[in-house]
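K.L.:
This is the structure, below, for whatever I ask next.
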Amino acid sequence: MTNFEDKPRLDEWSMAMRASQDVREGMIVNLGMGIPMLVSAFVEPEREVMFHTENGIIGYGRVIDDADAVDPNCVNAGGQPVERAPGMSFMSHDDSFALIRGGWIDVTMLGSLQVGANGDLANYHPPGKVVGSIGGAQDLAYCAKKVVVLMTHRTKSGASKIMQQVDLPITAPTCVSRVITDIAVVDVTPDGLVLREVLSGWTPDEVQQVTDAELTVPDDVVELSL
Amino acid sequence: MTNFEDKPRLDEWSMAMRASQDVREGMIVNLGMGIPMLVSAFVEPEREVMFHTENGIIGYGRVIDDADAVDPNCVNAGGQPVERAPGMSFMSHDDSFALIRGGWIDVTMLGSLQVGANGDLANYHPPGKVVGSIGGAQDLAYCAKKVVVLMTHRTKSGASKIMQQVDLPITAPTCVSRVITDIAVVDVTPDGLVLREVLSGWTPDEVQQVTDAELTVPDDVVELSL
Amino acid sequence: MPVNKVFDTFDAAVADVVDGSMIHVGGFGTAAEYPSYLIAALARSGVSGLTLTGNHSGFSEDQLKMMKDANLGIIKYPDDYVSPGLLVQRGQVAKGIYAFPVLNRGLEVPFETLLNEGKVELELIGQGSLAERIRAARAGIAAFYTPVGVGTVVAEGKEVRDFDGRPHVLEHALKADVSIIRAHKADRYGNLVYKGTARTFNATMAGAAHLTIAEVDEVVELGELDPECIVTAAPYVQRVVVRPATMSTSWETPC
Amino acid sequence: MPVNKVFDTFDAAVADVVDGSMIHVGGFGTAAEYPSYLIAALARSGVSGLTLTGNHSGFSEDQLKMMKDANLGIIKYPDDYVSPGLLVQRGQVAKGIYAFPVLNRGLEVPFETLLNEGKVELELIGQGSLAERIRAARAGIAAFYTPVGVGTVVAEGKEVRDFDGRPHVLEHALKADVSIIRAHKADRYGNLVYKGTARTFNATMAGAAHLTIAEVDEVVELGELDPECIVTAAPYVQRVVVRPATMSTSWETPC
Numbered sequence: 519m520t521n522f523e524d525k526p527r528l529d530e531w532s533m534a535m536r537a538s539q540d541v542r543e544g545m546i547v548n549l550g551m552g553i554p555m556l557v558s559a560f561v562e563p564e565r566e567v568m569f570h571t572e573n574g575i576i577g578y579g580r581v582i583d584d585a586d587a588v589d590p591n592c593v594n595a596g597g598q599p600v601e602r603a604p605g606m607s608f609m610s611h612d613d614s615f616a617l618i619r620g621g622w623i624d625v626t627m628l629g630s631l632q633v634g635a636n637g638d639l640a641n642y643h644p645p646g647k648v649v650g651s652i653g654g655a656q657d658l659a660y661c662a663k664k665v666v667v668l669m670t671h672r673t674k675s676g677a678s679k680i681m682q683q684v685d686l687p688i689t690a691p692t693c694v695s696r697v698i699t700d701i702a703v704v705d706v707t708p709d710g711l712v713l714r715e716v717l718s719g720w721t722p723d724e725v726q727q728v729t730d731a732e733l734t735v736p737d738d739v740v741e742l743s744l
Numbered sequence: 519m520t521n522f523e524d525k526p527r528l529d530e531w532s533m534a535m536r537a538s539q540d541v542r543e544g545m546i547v548n549l550g551m552g553i554p555m556l557v558s559a560f561v562e563p564e565r566e567v568m569f570h571t572e573n574g575i576i577g578y579g580r581v582i583d584d585a586d587a588v589d590p591n592c593v594n595a596g597g598q599p600v601e602r603a604p605g606m607s608f609m610s611h612d613d614s615f616a617l618i619r620g621g622w623i624d625v626t627m628l629g630s631l632q633v634g635a636n637g638d639l640a641n642y643h644p645p646g647k648v649v650g651s652i653g654g655a656q657d658l659a660y661c662a663k664k665v666v667v668l669m670t671h672r673t674k675s676g677a678s679k680i681m682q683q684v685d686l687p688i689t690a691p692t693c694v695s696r697v698i699t700d701i702a703v704v705d706v707t708p709d710g711l712v713l714r715e716v717l718s719g720w721t722p723d724e725v726q727q728v729t730d731a732e733l734t735v736p737d738d739v740v741e742l743s744l
Numbered sequence: 015m016p017v018n019k020v021f022d023t024f025d026a027a028v029a030d031v032v033d034g035s036m037i038h039v040g041g042f043g044t045a046a047e048y049p050s051y052l053i054a055a056l057a058r059s060g061v062s063g064l065t066l067t068g069n070h071s072g073f074s075e076d077q078l079k080m081m082k083d084a085n086l087g088i089i090k091y092p093d094d095y096v097s098p099g100l101l102v103q104r105g106q107v108a109k110g111i112y113a114f115p116v117l118n119r120g121l122e123v124p125f126e127t128l129l130n131e132g133k134v135e136l137e138l139i140g141q142g143s144l145a146e147r148i149r150a151a152r153a154g155i156a157a158f159y160t161p162v163g164v165g166t167v168v169a170e171g172k173e174v175r176d177f178d179g180r181p182h183v184l185e186h187a188l189k190a191d192v193s194i195i196r197a198h199k200a201d202r203y204g205n206l207v208y209k210g211t212a213r214t215f216n217a218t219m220a221g222a223a224h225l226t227i228a229e230v231d232e233v234v235e236l237g238e239l240d241p242e243c244i245v246t247a248a249p250y251v252q253r254v255v256v257r258p259a260t261m262s263t264s265w266e267t268p269c
Numbered sequence: 015m016p017v018n019k020v021f022d023t024f025d026a027a028v029a030d031v032v033d034g035s036m037i038h039v040g041g042f043g044t045a046a047e048y049p050s051y052l053i054a055a056l057a058r059s060g061v062s063g064l065t066l067t068g069n070h071s072g073f074s075e076d077q078l079k080m081m082k083d084a085n086l087g088i089i090k091y092p093d094d095y096v097s098p099g100l101l102v103q104r105g106q107v108a109k110g111i112y113a114f115p116v117l118n119r120g121l122e123v124p125f126e127t128l129l130n131e132g133k134v135e136l137e138l139i140g141q142g143s144l145a146e147r148i149r150a151a152r153a154g155i156a157a158f159y160t161p162v163g164v165g166t167v168v169a170e171g172k173e174v175r176d177f178d179g180r181p182h183v184l185e186h187a188l189k190a191d192v193s194i195i196r197a198h199k200a201d202r203y204g205n206l207v208y209k210g211t212a213r214t215f216n217a218t219m220a221g222a223a224h225l226t227i228a229e230v231d232e233v234v235e236l237g238e239l240d241p242e243c244i245v246t247a248a249p250y251v252q253r254v255v256v257r258p259a260t261m262s263t264s265w266e267t268p269c
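Chains A, B, C and D, in that order, are what the protein sequence lines are.
Adding 518 to a residue's 1-based position in the first sequence gives its number in my numbering.
Adding 518 to a residue's 1-based position in the second sequence gives its number in my numbering.
Adding 14 to a residue's 1-based position in the third sequence gives its number in my numbering.
Adding 14 to a residue's 1-based position in the fourth sequence gives its number in my numbering.
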């Protein structure tokens, strides 16, 4: 497998920016730890989205980076302080996951270690650990209406993270519907993985070369735009 | 069976007054429809009892009989307007029954059609009806720490309501621990029914004569006092 | 375009409810707790073959009139109180899932009449299991084991299993097509607060259906409801309708 | 004598917690949510062989000091923040029921060290199922079927059954001996309100044990808490202790 070291890649903020295009007005959205949490920065307040966090806020505002403005009792699941927004409410952990399990989350965006061609999600158990921490991602993966994964296309050592068959313990089977990486957007369909968008500087064939799973390239594949 | 028509009987208020002796400070108490609802009138506010009602109040105050003071959004399960009391709270119906099912009610007092010698409760299906309305008594009967029944000793036609074996559909099996009637107080024990208190004007033997179930009369049986 | 779940009329809010729907009807016992205007709108829409769930099957028009005239109890029945019994009386209901299908004494309510005639089906269930089955639907729980009801009519035909030596009955979630509920205040996102004991089954049923419609006293500005005190969170509510400033005195009047 | 659930000291409030107890430990991720003084009191009591449940197994003293010094994130760690990891580090814990037993990268927390050494037992469970199992204990539900976890490590050895064509796993209630939680305000009956996201597992765990002890910022007069806004009702709470006005800077100081 060629490494294509010299080719362009989106940084984390740009990946989040691309992902923010999938967040539409009126949606209830849950952003997992890591790159997904950056997405809210690209959703302007006028686009009225309700961001849900597992630890019990529905409808929080922007992430706060001013220590003086921080309320330690208004944080998201990643521990980031967030703004109070009009229309928000607090809830207990059981109520928060009742909301998730009941199917009321329109989209969840999660980080991952691997995604399978069948939509399997493996995001909790890094290689070499005796156990992993399954956290709150599992309920989101099983119960959100749509699961979007944001992750780099390959590991630091160059291994593909989009696998024909995942080889890490799974968080949830056949749940992912879209993967947004640093070089492409790939949809999981009943007919397998379909390449939707490719970063400028890459050809579909090159994306396939760095992807373990087989990709279908439709005629309407487009350039990934931010 | 002799009718003892000329003998004294407690009226409903007096039965409630007797029952109020079983309500002790700090208890969480649920009062069913009918005679039990009268009990709270005999619990002075200084005796800090939290009265729970199925429709979602914990800690309500006195029943209100002044139409001008009524808040239609503060009623007990019998539809009686009740006072707001310091330390009360409102809850949804699922939360209210979670509290019951979770075992947090210390005593429930219920009306009944029949009680069996084994503690069976039959209080929802009057004879002759195609169906009965099981309401909220069932959860209370299964889950309260103590179930006390308040009912007349006999039906209007003179039939015993304390039965060796109930012949109406049961609300809950073997749940009753005490029956307070208009002539006696009877405890359900592992060894059967034990007569604890007898209304003045009656002998234990006479109470047995109007009771279908067999009663044990211990040496320490006392006169029922209000 | 800002999110706005507020509908102009009750008729519009229930216009797409179809025959054969299962509907959770909020309320418990007294007039102030029922979504009267939504019940009236369903009566006007003429939708039929409904399965209703709720605490109580409700009263007929004549019974309500009688009770209003008699001023039973010391809480007065307002003129715009419409009971879920109206839908039963009008033949719009095929099945009821109730804790109180009939009154144990006194009045024969419409559901009892139709039940005796074999024209409606009844699923009798205790209040606690009814509330928990509805909550389970909201919470994505398919079924649960409760100790309540084992050995009685409500457990007939249901699985019983011991946990910690105590028998429990398996009860299934009740997810409806539509929940109609009454609340006090809403905002345009659909957040709700209730008023005292009107919380009851109304809060339980919010979100336990594909479509939840809330009848409210007032819609307030976004942010006005205290985030610590909101009882029903916005995602559970799809439509909000405000009760009219001038009381409607007939359920037949479009509203 | 009026009902009064307020205890004078944290030590007194946990004095009767015995070895081998199962304890729900409230909190989620940040310092402001944990019942730090109750955790410290359990550390001082030396009670052992505990089964702890909670979101996270927690940090060691050294790790906390490092994090305080580094001021990780922009939320500062107060000096009186004690993590449940203290109990793990001190060998008081035999088993953990956690969603986050370890950090997926970076620090090796005390629980991971002991797990690798075979000195503690782990029951791994997702946050949602953990929260619902605790809620089930509070609500008197013995077990429930959830779609979450089927086909993964958390469902191993558990019953799986189809409902509406979808497989569900049977999860059992988690009733603890003791719940230690953190709340904002209490009254002497034990009613509680929380502050923002500190509600989390604290409100979930209240009442899910035979004994619930709440660590609070303040006890207010009976009637001061709005009955529409009380989150945890009085019957669920048996003991209340107020955090000290002067911050304790060592968990070893009696308090």
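Backbone N, C-alpha and C define an ideal beta-carbon position, used for all residues, glycine too.
Output needed for residue 729(A): all residues of its chain with C-beta closer than 6 Å, excluding positions within five of it in sequence on either side, in chain order.
P.N.:
Setting aside the 5 residues that flank it on each side, residue 729(A) is surrounded in the same chain by 678 and 680, each with a C-beta closer than 6 Å to its C-beta; the list follows chain order.
K.L.:
Under 7 Å, CB to CB, which of the residues in the stretch 669-696 of chain A have a partner in chain D?
P.N.:
687, 688, 689, 690 and 691
K.L.:
Mind pulling the chain B residues with CB within less than 7 Å of residue 44(C)?
P.N.:
The contacting residues are 590, 593 and 597.
K.L.:
Among 699(A), 716(A), 712(A) and 659(A), which residue has its Cα nearest to the Cα of residue 734(A)?
P.N.:
With distances taken between Cα atoms, residue 734(A) lies closest to 712(A).
K.L.:
Here's a check: name, in chain order, each residue in its chain whose Cβ is nearer than 6 Å to the Cβ of residue 108(C), leaving out the five neighbours to either side.
P.N.:
Around residue 108(C): 63.
K.L.:
Which residues mark the beginning and the end of the alpha helix (DSSP H) in which residue 215(D) is found?
P.N.:
214-219
K.L.:
Count the other C-beta atoms from every protein chain shown that fall within 10 angstroms of the C-beta of residue 638(B), then say buried if there are 16 or more, exposed otherwise.
P.N.:
buried
K.L.:
Could you spell out the range, first to last residue, of the beta strand (DSSP E) harbouring residue 175(C)?
P.N.:
174-177
K.L.:
Go to residue 58(D), then tell me how far its alpha helix (DSSP H) extends in each direction, as first and last residue.
P.N.:
Element bounds for residue 58(D): 50-59.
K.L.:
Counting only the same chain and skipping the five closest in sequence on each side, list residues whose C-beta sits under 7 Å from that of residue 248(C).
P.N.:
203, 204 and 205
K.L.:
With a threshold of 8 Å on Cβ separation, who are the neighbours of residue 81(C) within its own chain once the five nearest residues in sequence on each side are excluded?
P.N.:
73 and 91
K.L.:
At a CB distance below 8 Å, what residues from the stretch 577-589 of chain A approach chain C? Give them in sequence order.
P.N.:
577
K.L.:
Taking 9 Å as the CB-CB cut-off, is residue 609(A) touching chain C?
P.N.:
With its beta carbon less than 9 Å from one in chain C, residue 609(A) belongs to the interface.
K.L.:
Whole angstroms is fine: what's the gap from residue 597(B)'s alpha carbon to residue 44(D)'s?
P.N.:
45 Å
K.L.:
Is residue 227(D) near residue 195(D), with beta carbons less than 9 Å apart?
P.N.:
yes
K.L.:
Distance, Cα to Cα, residue 646(B) vs residue 614(B)?
P.N.:
32 Å
K.L.:
Can you tell me whether DSSP reads residue 599(A) as helix, strand or coil?
P.N.:
strand
K.L.:
What does residue 636(B) reach in chain C if we use C-beta pairs closer than 8 Å?
P.N.:
Those do not exist, as residue 636(B) stays about 12 Å from chain C at its closest Cβ, beyond 8 Å.
K.L.:
Going by C-alpha distance, which of 171(D), 112(D), 167(D) and 162(D) is nearest residue 38(D)?
P.N.:
112(D)
K.L.:
Using a Cβ-Cβ distance cut-off of 9 Å, determine whether residue 240(C) contacts chain D.
P.N.:
So yes, residue 240(C) belongs to the interface.
K.L.:
Output the boundary residues of the beta strand (DSSP E) element that contains residue 193(C).
P.N.:
Run containing residue 193(C): 190-200, per the beta strand (DSSP E) assignment.
K.L.:
Determine, using beta carbons only, whether residue 202(C) comes closer than 9 Å to chain G.
P.N.:
Although the question refers to chain G, the structure presented lacks it and instead comprises the protein chains A, B, C and D.
K.L.:
Hey, would you say residue 269(C) sits closer than 9 Å to residue 33(C), going by beta carbons?
P.N.:
no
K.L.:
Taking the C-alpha atoms as reference points, what is the distance between residue 199(C) and residue 233(C)?
P.N.:
6 Å
K.L.:
Have a look at 89(C), 192(C), 222(C) and 229(C) and flag the residue whose alpha-carbon is nearest the alpha-carbon of residue 208(C).
P.N.:
229(C)
K.L.:
Rounded to a whole number of angstroms, what is the C-alpha to C-alpha distance between residue 539(A) and residue 266(C)?
P.N.:
47 Å
K.L.:
So residue 573(A) is in the beta strand (DSSP E); what residue range does that whole segment cover?
P.N.:
No beta strand (DSSP E) holds residue 573(A); DSSP gives it neither H nor E.
K.L.:
Just to confirm the assignment, what range does the beta strand (DSSP E) spanning residue 660(B) have?
P.N.:
No beta strand (DSSP E) holds residue 660(B); the alpha helix (DSSP H) holding it covers 655-661.
K.L.:
How about residue 621(A): is its C-beta nearer than 9 Å to some C-beta of chain C?
P.N.:
Taking 9 Å as the threshold, the shortest C-beta distance from residue 621(A) to chain C falls below it.
K.L.:
DSSP puts residue 270(C) in a beta bridge; with which residues?
P.N.:
The first residue shown for chain C is 15 and the last is 269, placing residue 270(C) beyond what the model contains.
K.L.:
When the distance is taken between beta carbons, is residue 618(A) closer than 9 Å to residue 166(D)?
P.N.:
It is not a contact, given that the beta carbons lie outside the stated cut-off.
K.L.:
Would you mind telling me which residues of chain C sit closer than 9 Å to residue 182(D), beta carbon to beta carbon, in chain order?
P.N.:
Near residue 182(D) (Cβ distances below 9 Å), the residues of chain C are 155, 156 and 157.
K.L.:
What do you get for residue 98(C), buried or exposed, if any count of 16 or more other CB atoms within 10 angstroms of its CB means buried?
P.N.:
A buried status is given to residue 98(C), since no fewer than 16 other beta-carbon atoms sit within 10 Å of its beta-carbon.
K.L.:
Can you tell me the Cα-Cα spacing of residue 626(B) and residue 79(C), whole angstroms?
P.N.:
Distance from the CA atom of residue 626(B) to the CA atom of residue 79(C), rounded to whole angstroms, is 34 Å.
K.L.:
Answer with yes or no whether the minimum CB distance from residue 209(D) to chain C is below 9 Å.
P.N.:
Interface with chain C (9 Å Cβ-Cβ cutoff): residue 209(D) is included.
K.L.:
So residue 246(D) packs on residue 217(D), CB below 8 Å; how close in whole Å?
P.N.:
6 Å
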